[in-house]
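K.L.:
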Amino acid sequence: METLISSKVQEAHPEDPSKIGCVHPMEDVLRMDRIPHIWCPGCGIGLAVTAFSAALERANIDLDKMSIVSGIGCTGRVAGYVKLDSFHTTHGRAIAFATGIKVANPKIKVVVFSGDGDLIAIGGNHFIHAARRNIDMLVICVNNFIYAMTGGQVAPTTPLAAYATTCPFGCVEPPFNIPYIADSSGAVYVARWTTLHIRRLSNSIVEALNKKGFSVIEVISPCAQYYSRINRLGDGLDMMKFYHNNSEIRHGEDTKNLDIGFQKKIIVGKFVDRERPTYTERYNEWLSELKGAKDEPG
Amino acid sequence: MKTDPKGVLTGLHRLNGNHACAEGALAAGCRFLGGYPIVPALEIYERFLERAKQVGATFIQMEDEISALAAVLGASWTGKKTMTVTSGPGMSLMMEHLGLGVMLETPCVIVNIQRAGPSIGIPNRPSQGDMMQVRWGSHGDYEIIALCPSSPQEMFDCTIKAFNLSERYRIPVSVISDEYVAHLKEDVVIPPAEEIVVEPRRYYTGSKDNYLPFKRDKDFVPRMVNIGDGYRFHVTGLTHDDRGYPVMNEECQEYNVHPLVSKIRNYADEIIEIQEAEIDDAEIIIISYGATSRAALKAMEQARRSGIKVGSLKLVTVWPFPEKRVGELAKKVNAFVVPEMNFGQVVLEVERCSYGNTNVIFVPHGDKGVENTDDLLSAIKHATQEKSVRDGLIEYKQARE
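Going down the list, the protein sequences come from chains U and E.
Under numbering that gives the first Met the number 0, think of the first position of the first sequence as 0, with each following residue one higher.
Under numbering that gives the first Met the number 0, think of the first position of the second sequence as 0, with each following residue one higher.
1. Quick one, which of E/PRO321, E/VAL246 and E/ALA298 has its alpha-carbon nearest E/ILE271's?
2. Quick one: is U/PHE270 buried, meaning 16 or more other Cβ sit within 10 Å of its Cβ, or exposed?
3. Which same chain residues, not among the five before or five after U/HIS243, have their C-beta less than 7 Å away from its C-beta?
4. Rounded to the nearest angstrom, how far is the Cβ of E/ALA382 from that of E/ASN358, given a contact under 8 Å?
5. Jot down the residue ranges of each uninterrupted beta strand (DSSP E) in the stretch 327–358 of chain E, minimum 3 residues, whole runs only, in chain order.
6. With distances taken from CA atoms, which of U/LYS108, U/GLY233 and U/MET31 is nearest U/TYR225?
7. Within 8 Å of any Cβ in chain E, is that where the Cβ of U/GLY79 sits?
8. Say whether chain E places a C-beta atom closer than 8 Å to the C-beta of U/ASP294.
9. So which residues on chain E does U/PHE96 lean against when the C-beta distance must stay under 8 Å?
10. So which residues on chain E does U/ASP135 lean against when the C-beta distance must stay under 9 Å?
11. Cβ of E/ILE278 within 8 Å of Cβ of E/GLY310?
12. Would you give the residue range spanned by the beta strand (DSSP E) that E/HIS233 belongs to?
13. What residues of chain U sit near E/TRP76, judged by a beta carbon separation below 7 Å?
14. Can you give the Cα-Cα distance for U/TYR278 and E/LEU375, rounded to whole angstroms?
15. E/GLY326 to E/MET340, Cα distance in whole Å?
16. Count the other CB atoms, across all protein chains shown, that sit within 10 Å of the CB of U/ALA292; report buried if there are 16 or more and exposed otherwise.
17. At what residues does the alpha helix (DSSP H) containing E/PRO258 begin and finish?
18. For E/LEU11 and E/ALA192, what's the separation of their Cα atoms in angstroms?
19. From the DSSP output, in three-state form, read off U/CYS170 for me.
20. What's the call for U/LEU236, buried or exposed, on a 16-neighbour Cβ count within 10 Å?
21. Counting only beta-carbon separations shorter than 8 Å, does E/ILE143 have a partner in chain U?
22. Is the CB of E/THR291 under 8 Å away from at least one CB in chain U?
23. For my contact list, E/ARG50 and E/ASN17 are in at a C-beta cut-off of 8 Å; report their separation, rounded to the angstrom.
24. Would you mind reading off the limits of the alpha helix (DSSP H) that contains U/PHE126?
25. I want to verify the contact list: residues of chain U whose CB lies under 8 Å from the CB of E/PRO245, in sequence order.
26. Please identify, using Cβ separations under 9 Å, the residues of the stretch 202–228 of chain E that lie next to chain C, in order along the chain.
27. Show which residues of chain E have a CB atom less than 8 Å away from the CB atom of U/ASP63.
28. Would you please state the rounded distance, in angstroms, between the beta carbons of E/ASN248 and E/GLU282? I believe it to be under 8 Å.
29. What's the C-alpha gap between E/GLY343 and E/GLY289?
30. Are there three or more Cβ pairs, one per stretch, closer than 8 Å when the stretch 173–180 of chain U is compared with the stretch 94–107 of chain U?
31. Entirely within the stretch 52–99 of chain U and at least 3 residues each: give me those beta strand (DSSP E) ranges in chain order.
32. Under 8 Å between C-beta atoms, does U/SER227 make it to chain E?
33. Is E/LEU183 helix, strand or coil by DSSP?
34. Comparing the C-beta of E/GLU166 with each C-beta of chain U, is any distance below 8 Å?
35. E/ILE65 and E/GLY33: beta carbons closer than 8 Å?
36. Do you know offhand how far U/ARG131's Cα is from E/LYS217's?
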């Protein structure tokens, strides 16, 4: 975890080690005036934000030229805690909003940070179309298998047979396999990690931030308050132990094989890393071809 | 097409309403259009696209109208003037982001070329059925600005005005026209670029550390910054304070939402544009907007020729509604005649603002042709009859049924 602790702390207090900890190591990228955050004890979203913040410090990107957009839900609150030009928008529409930002000003690096219900259920259409267009943005999808903000309803990612308040006899709908949707819709970078794999997740975010095109990172996260409680899976720590014992790193695995069953093995890793021209590249190419034509303003 | 460097197509052109709207948008400095194809609005999109390359404008066809307006709002925060175009069914989908636009106080223009509804209705027939939707369609409390052009020239002028109002008041402004005006070809005079008044965006200019995205200036409107300017601001659709941070209590709800309403209501006199004709000696006034005001002016002349003193009040701005003026006139005239291509929407507002001081006769207009004045003239005749106007109105209604 050394990489996550900023050298700024030592720089700020070189002589007095007791003051280490007075400055939050991620003060530069978090809105400290909004802490404490709203997430429950045992929730994994904070870990995802930690990995993201650590990645921002290492990614060598001008943070002033970066924008983060979130939708609604627990993960939808991320935009409010990250000190970038940040937008907390409507339910499911974060990608659409971010598409507008990116297309209108391609110099802005755009990140969409939201949950599985937001991005894959209500926002599923925007997700596949942004991937198809290959809009240059990074989508971090925190998947906790449930609608947690509203109190534990079934999500499009809830594994078969898992309980939720709106499926009291066990989920009867097969869940989406997020990396598979992303891959088949045209994403250029697809990875999945759990909140236990925080260093690998952070490295993956750095890699994806420097990748041109539609990148998707799924972060499997414990929901200790609802998903775990309803399904009697223990607290956040028990979930982390479960990830430790049941996740397997398989880079390059065919995304077809990444379904997640209830309390079954979770395959993590980087699955897709390819090149495709982005929307902006194609658009500019089209524009430059036309600009040479007789229709030049004059 | 030869344009000046600002993209203004100066000169006299024969354009339909849709093309005039696209030209107006470009002249106002619109450089981003996000849309989704829909009859009868798509010519605006096509015209904009055709001209985009000359002026360096960007466009994107999104996957639906929900995302179209979402993209427009996102693009607006990059500093571009942005617009989307649609018709009734698309407007229904856009209501979600009309609300977000109001809450984030994001300037943009929504052009709605109304077609017959409800639901799919008739895609290529005119209607004025979305007048209340544009005012009340999104949930929660808000005020809105909507302009109703009645000719291609007005389409051009109103589109520019809509952009200016949206920048001035930081609000999505609707240009709410109809299929008739959109496909009507008339002469449009486009002035030179330097004669077109274009309201620039009002930016925050203070230090980076002190920027509060929703701190209201003296004019009730907060100052904007662009994404990428280094302010690292946060905005949210949740009820928020000056910092743009969510605060979930009643005081903040009042603090946040009240100004969204008052910034329009307090400046209604500045926003409202109405056109009056032959008002001074009028005993009956036709209140109309959009395509129906063409028939209204014609009916006024015909009635005057037969000796009935009729005036016309044409609403260029329907929302905010010219409450004061209608209230004043209600005390002076015998009746208001309100033709609309719907089954009674803006007429409700006319009735409300008359405070019972005059009779209001609604004319469901358009089923005999948009420019046909028969129904209007018969309503005017009923209004002049010696018996009480209320009786005349009942008779008129029965005659129609």
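Each residue gets a CB set at the ideal place from its N, CA and C atoms; glycine is no exception.
Quantities reported herein were computed from a predicted structural model and do not represent experimental measurements.
P.N.:
So, from the listed chains and residues:
1. Measuring from the Cα of E/ILE271, the nearest candidate turns out to be E/PRO321.
2. Of the other Cβ atoms in all chains shown, 16 or more fall within 10 Å of the Cβ of U/PHE270; this residue is therefore buried.
3. Shown here for U/HIS243: same chain residues with a beta carbon closer than 7 Å to its own, the five before and five after excluded, namely LEU195 in chain order.
4. Correct: roughly 7 Å between the Cβ atoms.
5. Counting only runs of at least 3 residues, the stretch 327–358 of chain E fully encloses the following beta strand (DSSP E) elements, listed from N- to C-terminal order: 334–339.
6. Residue nearest to U/TYR225 within the set U/LYS108, U/GLY233 and U/MET31 is U/GLY233 (criterion: CA-CA distance).
7. Yes, U/GLY79 lies at the interface with chain E (some Cβ there is under 8 Å from its Cβ).
8. With a pLDDT of only 45 at U/ASP294, under the threshold of 50, the placement of this residue in the model should not be trusted; the figure read from the coordinates follows. So, interface residue.
9. Result: ALA69, ALA70, LEU72 and GLY73.
10. The contacting residues do not exist; U/ASP135 stays about 13 Å from chain E at best.
11. If you check the CB distance, E/ILE278 and E/GLY310 come in under 8 Å.
12. In the DSSP assignment, E/HIS233 falls within the beta strand (DSSP E) that extends over 233–235.
13. For E/TRP76, the neighbours in chain U by C-beta distance under 7 Å run, in chain order, ILE100.
14. Taking the straight line joining both Cα atoms gives about 53 Å.
15. If you take the alpha carbons of E/GLY326 and E/MET340, they lie about 23 Å apart.
16. Low confidence applies to U/ALA292: its pLDDT is 48, below 50, so where it sits in the model is not reliable, and the reading given next is rough at best. Taking all protein chains in view, the Cβ of U/ALA292 is surrounded by fewer than 16 other Cβ atoms within 10 Å, so the residue is classified as exposed.
17. Element bounds for E/PRO258: 249–264.
18. Cα to Cα, the separation comes out at about 14 Å.
19. In this structure, U/CYS170 counts as coil in the three-state DSSP scheme.
20. Exposed: under 16 other Cβ atoms inside 10 Å.
21. No, its Cβ sits nowhere closer than 8 Å to a Cβ of chain U.
22. At least 8 Å separates the CB of E/THR291 from every CB of chain U.
23. Wrong, their Cβ atoms sit about 13 Å apart, outside the cutoff.
24. U/PHE126: member of the alpha helix (DSSP H) spanning 123–132, first to last residue.
25. Neighbours of E/PRO245 across chain U, judged by C-beta separation under 8 Å: GLY79 and HIS87.
26. In summary, chain C is missing from the structure at hand, where the protein chains are U and E.
27. Chain E residues near U/ASP63: GLY227, ASP228, GLY229 and ARG231.
28. With a contact defined as Cβ atoms closer than 8 Å, E/ASN248 and E/GLU282 miss out at about 54 Å.
29. Roughly 15 Å separates the two Cα atoms.
30. In short, these stretches do not touch, since the Cβ pair count stays below three.
31. Taking only runs of at least 3 residues, the beta strand (DSSP E) segments lying wholly in the stretch 52–99 of chain U are 65–69 and 84–87.
32. Chain E, which has no Cβ nearer than 8 Å to the Cβ of U/SER227, makes this no.
33. Three-state DSSP puts E/LEU183 in coil, outside helix and strand.
34. Under the Cβ distance rule, E/GLU166 does not count among the residues neighbouring chain U, no pair being separated by less than 8 Å.
35. Result no, Cβ atoms of E/ILE65 and E/GLY33 do not sit closer than 8 Å.
36. C-alpha of U/ARG131 to C-alpha of E/LYS217: approximately 46 Å in a straight line.
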